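Participant: In our numbering, the protein residues as written are 1 to 82.
One structure, pasted below without further comment.
Written out as structure tokens, the structure reads:
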């Protein structure tokens, strides 16, 4: 399972949304049950899964599933630097 799939699995579990619905262009705010507590759970689970730290300032700039996947990839050292 690659990073994108693992990130989708975490989001799917936290929001009870089928992974098939989590396309890169989907906005987090459009997902059912999305709120600040769910965001924290998604971030904590992602940090634990990948052994990374996601800064608060970055978190608030992420709008879509694809942006979040890209961020995780970058923090894991597998993405292209900005």
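For every residue, glycine included, the Cβ atom is placed at its ideal position computed from N, Cα and C.
Keep in mind it's a predicted model, so treat the numbers as computed, not measured.
Please check the pair residue 65 and residue 22, which I expect to be a contact at CB under 8 Å, by giving their CB distance rounded to whole angstroms.
Facilitator: About 5 Å; that satisfies the 8 Å criterion.
Participant: Would you list the residues sitting across from residue 64 in a DSSP beta bridge?
Facilitator: Looking at the DSSP assignment, residue 64 forms a beta bridge with 27.
Participant: I believe residue 47 touches residue 54 by the beta-carbon criterion, under 8 Å. Please report the beta-carbon distance rounded to the nearest angstrom.
Facilitator: Contact flag correct, Cβ pair sits at about 6 Å.
Participant: Taking its Cβ as the centre, do 16 or more other Cβ atoms sit within 10 Å of residue 77, making it buried, or is it exposed?
Facilitator: Exposed.
Participant: In three-state terms, what does DSSP make of residue 47?
Facilitator: Of the three classes helix, strand and coil, the one that applies to residue 47 here is helix, per DSSP.
Participant: Is the CB-CB distance between residue 62 and residue 75 below 8 Å?
Facilitator: Result no, Cβ atoms of residue 62 and residue 75 do not sit closer than 8 Å.
Participant: Pop quiz: residue 10 and residue 49 are said to be a contact at Cβ under 8 Å. What is the actual Cβ separation, rounded to whole angstroms?
Facilitator: Right, their Cβ atoms sit about 6 Å apart.
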